[in-house]
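In terms of the working numbering, the sequence shown opens at residue 789 and continues consecutively.
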Amino acid sequence: MDFEPLIKKKAERFRELEAEISSPAFFENPQRARELLREHARVKELLARHEEYGKAAVELRENQALAKSDDPEMAGMAREEIPALEKKIADSELGIQMALLPPEPGEDKDAIVEIRAGTGGSEAALFAADLHRMYTRYAENRGWKVEPMESSPSELGGLKDITFRVAGDSVFRQIRYESGVHRVQRVPATEAQGRIHTSTATVAVLPEAEEIDIELRPEDLRIEVCRSGGPGGQGVNTTDSAVQVLHIPTGRIVRCQDGRSQQKNKEKALSILRSRLLEEKQREEAEKYSAQRRSLIGSGGREEKVRTYNFPQNRVTDHRIGLTLYNLDRFIQGDIDEMVDALQAGDMEQRLKEA
């Protein structure tokens, strides 16, 4: 495929972005500045991929010529390198095609992640806590920032539910495919006879909505302040810091009480509400996707079983792409890159077919 015309346009756009970013007035509009910096990063990555592709193509031509050399040793060495170069070119070509696809709405945003214990009682709550630790460690390994927003602990150190924000470079694009029902098969700590139980937890990954994405009109909100409940000690239970927000048009309710500051809890509640409303809006858009693509990425719904974690077999299986890994011991500690990359690649390949 001839990328040159498109690459030429992208190179011109990159120069325009460089000029805008270096302008003294660049940060006067923070929203526009964020959008341009994200575009700059995408175009920079594309141009780097294209440069790598060009170098590999030159090396391949040189090795193909050397393979016809009269020097048997030189020809043999050149032939040995040709398969690796051909694979490198094919991978680079696919990467360029993916980078040329227009970004989807929200994919460069930070994310709000909600995890809820499903069927299985206390074991489901323990599994929800395991998933929270898994995503936290994955985020920390990538240099992302994790900010707790709201949680409800259970007995035995589990979590009935937890909501947290993950901020960093293209967070939503990386973890968007985690939404759905996660199923665990293992022997619970409370099981006296060693029987394997099956429990579930639901995960929802939402792109963090900004005010420009979703407008919350004051007349559509009912905000109530009350005293925080549950464990917390010190001043958490003695101040009216908990905030509950009702979005009247949709009936959605968000409650935040983790922090001592009423204002901070209000900001977190409104952020969660915006993200849930944006998710609903994007889910309606998702209905326009092809059936094949929906089968891969789903609708982001919490009702879809996406993955099984089988501890006795040290196995984790993603049911959307049929990928099974036998490294659950490392996976549950946050080593989920291989699965994330496979889900991204599957989605991108389907987008390329549709494009």
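All residues carry an ideal CB built from backbone N, CA and C; glycine is no exception.
Beta-carbon proximity list for residue i, same chain, < 7 Å, skipping 5 on both sides
i            : result
residue 1126 : 1113
residue 989  : 903, 904, 905, 906, 912, 915, 916, 919, 970
residue 793  : none
residue 1002 : 1062, 1065, 1066
residue 821  : 814, 815
residue 801  : 831
residue 1010 : 1034, 1036
Helix, strand or coil at residue i [DSSP, three-state]
i            : result
residue 935  : strand
residue 883  : helix
residue 1111 : strand
residue 975  : coil
residue 855  : coil
residue 1053 : helix
residue 747  : With the chain running from 789 to 1143 in the structure shown, residue 747 is simply not present.
residue 1120 : coil
residue 829  : helix
residue 796  : helix
residue 889  : coil
residue 929  : helix
residue 1012 : strand
residue 1135 : helix
residue 952  : strand
residue 989  : strand
residue 1002 : coil
residue 1045 : coil
residue 983  : coil
residue 1106 : strand
residue 1093 : strand
residue 895  : coil
residue 963  : helix
residue 1100 : coil
residue 940  : strand
residue 1060 : helix
residue 813  : coil
residue 870  : helix
Neighbourhood of residue i by C-beta distance below 8 Å, restricted to the same chain and skipping five residues each side
i            : result
residue 973  : 984, 985, 986, 1096, 1097, 1098, 1099, 1100
residue 1021 : Only weak support exists for where residue 1021 lies, its pLDDT of 44 falling under 50; the value from the coordinates is given anyway. The answer is none, since no qualifying residue turns up.
residue 1069 : 1002
residue 1102 : 1114, 1115, 1116, 1117
Residue i classed as buried or exposed, judged by whether at least 16 other C-beta atoms fall within 10 angstroms
i            : result
residue 736  : In the structure as shown, the chain begins at 789 and stops at 1143. Residue 736 is therefore absent and cannot be evaluated.
residue 846  : exposed
residue 940  : buried
residue 900  : buried
residue 803  : exposed
residue 860  : exposed
residue 944  : exposed
residue 946  : buried
residue 1139 : buried
residue 807  : exposed
residue 908  : buried
residue 817  : exposed
residue 837  : buried
residue 1045 : buried
residue 858  : exposed
residue 1029 : buried
residue 927  : buried
residue 1059 : buried
Beta-carbon gap between residue i and residue j smaller than 9 Å
i            : j            : result
residue 922  : residue 1122 : yes
residue 1031 : residue 1057 : yes
residue 969  : residue 903  : no
residue 827  : residue 805  : yes
residue 930  : residue 956  : yes
residue 815  : residue 888  : no
residue 1042 : residue 1012 : no
residue 854  : residue 863  : yes
residue 924  : residue 952  : yes
residue 958  : residue 829  : yes
Proximal residues to residue i (C-beta, below 6 Å), its chain only, five neighbours per side dropped
i            : result
residue 993  : 899, 901, 963, 964, 966, 967
residue 897  : 960, 995, 996
residue 1119 : 1104
residue 886  : 1136
Q. Counting pairs of Cβ atoms below 8 Å between the region 1124-1141 and the region 1105-1112, do you hit three or more?
A. yes
Q) Any chance the region 872-880 sits against the region 833-847, with 3 or more Cβ pairs inside 8 Å? A) yes
Q | Three or more C-beta pairs below 8 Å linking the region 880-889 and the region 904-913 | A | no
Q. Should the region 1033-1041 be called in touch with the region 1051-1070, which here means at least 3 C-beta pairs below 8 Å?
A. yes
Q | Cβ pair count under 8 Å reaching 3, the region 830-840 against the region 861-871 | A | no
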